[in-house]
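In UniProt numbering, the protein residues as written are 1 to 444.
Heads up, the thing below is written out as structure tokens.
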Amino acid sequence: MKQEDLNFFKDNRGYRRLFEAFRKKYKSLGRIGGSVKLINLSPEEKEILTSHFRKDYTRQTSVDVSLLKFEESLKNTKFEGYTLKEILEAYFGEPLTGKKEDEETFQVQKKQFFERLYSICRSEESKAWLEDVYEGKAAGARVIEMRLSREEDRGKLFREMGDVCRALDDLPVKRHSKERLPVFASRITQNPHALDLGTTLGNLFFNALCSVLDVGEVKDSQDRAEVYYRAGILIDEISNYVTVVGLQAFKKDVPDPVWQAAYENVQALQVPLLNLSFIDEIKSPTGDVFVVENPGVFASLLDLWNKQIFEKNIKKISDPRACRIIPSLICTFGQPRLSAFVLMDLLVRSGTQMYYSGDFDPEGLMIADRLYRRYSGKLKLWHYTVKDYKKCLSHKTISEKRLAMLKNITCPDLVPVVDLMAHIKKAGYQEMIIEELSNLKPDV
Numbered sequence: 001m002k003q004e005d006l007n008f009f010k011d012n013r014g015y016r017r018l019f020e021a022f023r024k025k026y027k028s029l030g031r032i033g034g035s036v037k038l039i040n041l042s043p044e045e046k047e048i049l050t051s052h053f054r055k056d057y058t059r060q061t062s063v064d065v066s067l068l069k070f071e072e073s074l075k076n077t078k079f080e081g082y083t084l085k086e087i088l089e090a091y092f093g094e095p096l097t098g099k100k101e102d103e104e105t106f107q108v109q110k111k112q113f114f115e116r117l118y119s120i121c122r123s124e125e126s127k128a129w130l131e132d133v134y135e136g137k138a139a140g141a142r143v144i145e146m147r148l149s150r151e152e153d154r155g156k157l158f159r160e161m162g163d164v165c166r167a168l169d170d171l172p173v174k175r176h177s178k179e180r181l182p183v184f185a186s187r188i189t190q191n192p193h194a195l196d197l198g199t200t201l202g203n204l205f206f207n208a209l210c211s212v213l214d215v216g217e218v219k220d221s222q223d224r225a226e227v228y229y230r231a232g233i234l235i236d237e238i239s240n241y242v243t244v245v246g247l248q249a250f251k252k253d254v255p256d257p258v259w260q261a262a263y264e265n266v267q268a269l270q271v272p273l274l275n276l277s278f279i280d281e282i283k284s285p286t287g288d289v290f291v292v293e294n295p296g297v298f299a300s301l302l303d304l305w306n307k308q309i310f311e312k313n314i315k316k317i318s319d320p321r322a323c324r325i326i327p328s329l330i331c332t333f334g335q336p337r338l339s340a341f342v343l344m345d346l347l348v349r350s351g352t353q354m355y356y357s358g359d360f361d362p363e364g365l366m367i368a369d370r371l372y373r374r375y376s377g378k379l380k381l382w383h384y385t386v387k388d389y390k391k392c393l394s395h396k397t398i399s400e401k402r403l404a405m406l407k408n409i410t411c412p413d414l415v416p417v418v419d420l421m422a423h424i425k426k427a428g429y430q431e432m433i434i435e436e437l438s439n440l441k442p443d444v
């Protein structure tokens, strides 16, 4: 198109909104056709419409304009040698394309984009992730597709997805080791905070982990920490801890000296996730372990058992009577954190039978239900009967909002308690059945 002809349209503001509407209509139809509507017509727009259609538009505030009729209006003018499409392409400085054509072009570009990424992959994990993203099955695939559709974002997206592929290729778990997230991020990207959650790359990497590890819904920070841990990556490894007594830990079949000292002296041991990450095996000498979530209950039970040891004049943990009095005991401190799950996973692996007891309120029952489902037959409920509930009833009324949580509980052993709790709407607390818990009758 001649520059002077293009300038005619560019210099006349009356064409701007009209041509933008024409371009949008072409995008929708993939051809010149249909009509567009303009409202709140400006004086300049009224003037060019009057000029093109030989009709007075000065009193109109809105108008429907046919694209074909506008093209026809170019006849017998100096622009009759141009099609409307040619004028629009010159005006906007780019080819006009329809949605179908755009989609076909995008799919070709998408395929080329992923082929380039696939060529740098060195592991089945990174290849599987790319395939799931390409097919729209991976976590976060929709966001990636949106970013890929923006040409200006593709370069950055390619670099970030390349970093994720390199991270998946070199996960610490593949070397049977553990690595802190900032150290791992530095090794992959030269930036210790590049993979932090909340950053674009960090979120992309976490979604990739969820895909390759086949993780379902991630509900909270503990679920997130577990996803990282399964990949061999540590976060919050010091403040994430669990307390134990009466357990033995091993590194390559060699007793861990710290655990062994606590075991022999009947001392509670607070174990952070960092320490657990170096343990290969954990055993209960009795084959059983009892789990509570309340630190006060944990301490009270330990006091009672130490008193019995003193009264029976037991000097060493190696005395057979000691194991009958001091069992293996775990305290999760409320909702189990990753450290508790790692510990319990190791116990299950060694063939230990676990027993769990907690408070009689919706939150306590939810914890019991979660553990029951996670560990199936390897964990039994301990003093979680209607009889126990009645013994530890308080005067504290449970709100309707909290009672609604009971609908999510699926453990059949908890159904009688759930039904009664929904009826009387009172909470019960373990502190009132310390005596019963201390007798260690795992069959109740």
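Even glycine gets a Cβ: it sits at the ideal position worked out from N, Cα and C.
Judged by beta-carbon spacing, G428 lies within the 7 Å limit of C392, meaning their Cβ atoms are closer than that value. For the pair G34 and K100, the CB atoms are not nearer than the 7 Å cut-off. In this structure, D413 places its C-beta atom within 7 Å of the C-beta atom of L381. For H395, the secondary structure class from DSSP, reduced to helix, strand or coil, is strand.
Inter-residue distance for Q112 and S42 is about 46 Å (C-alpha atoms, whole angstroms). As the crow flies, the alpha-carbon of V212 is around 34 Å from that of G287. Cβ atoms of E44 and L38 stay farther apart than 8 Å, at about 12 Å. In this chain, the beta strand (DSSP E) harbouring T243 covers 241 to 245. Close CB contacts of V386 within its chain, under the 8 Å cut and outside five residues either way in sequence, are with P416, V417, L420 (chain order). When secondary structure is reduced to three states using DSSP, P336 falls in the coil class, being assigned neither helix nor strand. By the C-beta criterion, the stretch 85 to 98 is judged not to be in contact with the stretch 47 to 67, since fewer than 3 inter-stretch pairs fall below 8 Å. Between L204 and V164, the C-beta spacing is below 7 Å. Membership of Q248 in the beta strand (DSSP E) is indicated by the continuous run 248 to 251.
Excluding its 5 nearest sequence neighbours in each direction, A299 has no C-beta neighbour in its own chain below 7 Å. Taking 7 Å as the cut-off, the Cβ atoms of V291 and I330 count as close. S328 sits close to S284, with the two beta carbons spaced by under 7 Å. Here N191 has A185 as same chain residues with Cβ atoms under 8 Å from its own Cβ, once five neighbours each way along the sequence are excluded.
A distance below 6 Å between beta-carbons, with the five flanking residues on each side excluded, links A340 to the following residues of its chain, in chain order: V242, T332.
If you ignore the 5 residues before and after C121, its C-beta comes within less than 6 Å of the C-beta of K127, C165, all in its own chain and listed in chain order. DSSP places E281 in no alpha helix (DSSP H) but in the uninterrupted beta strand (DSSP E) bounded by 281 to 283. In the three-state scheme derived from DSSP, where H, G and I count as helix and E and B as strand, L6 is classed as helix. Counting the other Cβ atoms within 10 Å of the Cβ of L379 gives 16 or more, which makes it buried. Per DSSP, A21 lies in no beta strand (DSSP E); the unbroken alpha helix (DSSP H) holding it starts and ends at 16 to 29. Between the alpha carbons of G334 and Y229 lies a gap of roughly 20 Å. For D223, there are no CB contacts under 7 Å within the same chain when 5 residues up- and downstream are skipped. If you look at I330, you'll find it in the beta strand (DSSP E) that goes 329 to 331.
Taking a C-beta distance under 7 Å as the contact criterion, I279 and A249 qualify as a contact pair. The C-beta distance from L338 to L273 rounds to 6 Å, short enough to meet the 8 Å contact threshold. Classified as buried, E237 has 16 or more neighbouring CB atoms from the shown chains inside 10 Å of its CB. When the alpha-carbon of S119 is set against those of F158, K426, D153, the nearest one is in F158. Shown here, Q267 sits in coil according to DSSP, grouped into three states, outside any helix or strand. In the three-state reduction of the DSSP assignment, P95 falls in the coil class. For L346, the number of other beta carbons within 10 angstroms of its own is at least 16, and it is reported as buried.
In the DSSP annotation of this structure, F70 is not part of any beta strand (DSSP E); the continuous alpha helix (DSSP H) holding it starts and ends at 67 to 72. DSSP places P192 in the coil class of the three-state scheme, outside both helix and strand. Y384 carries a coil assignment under DSSP once its states are collapsed to helix, strand and coil.
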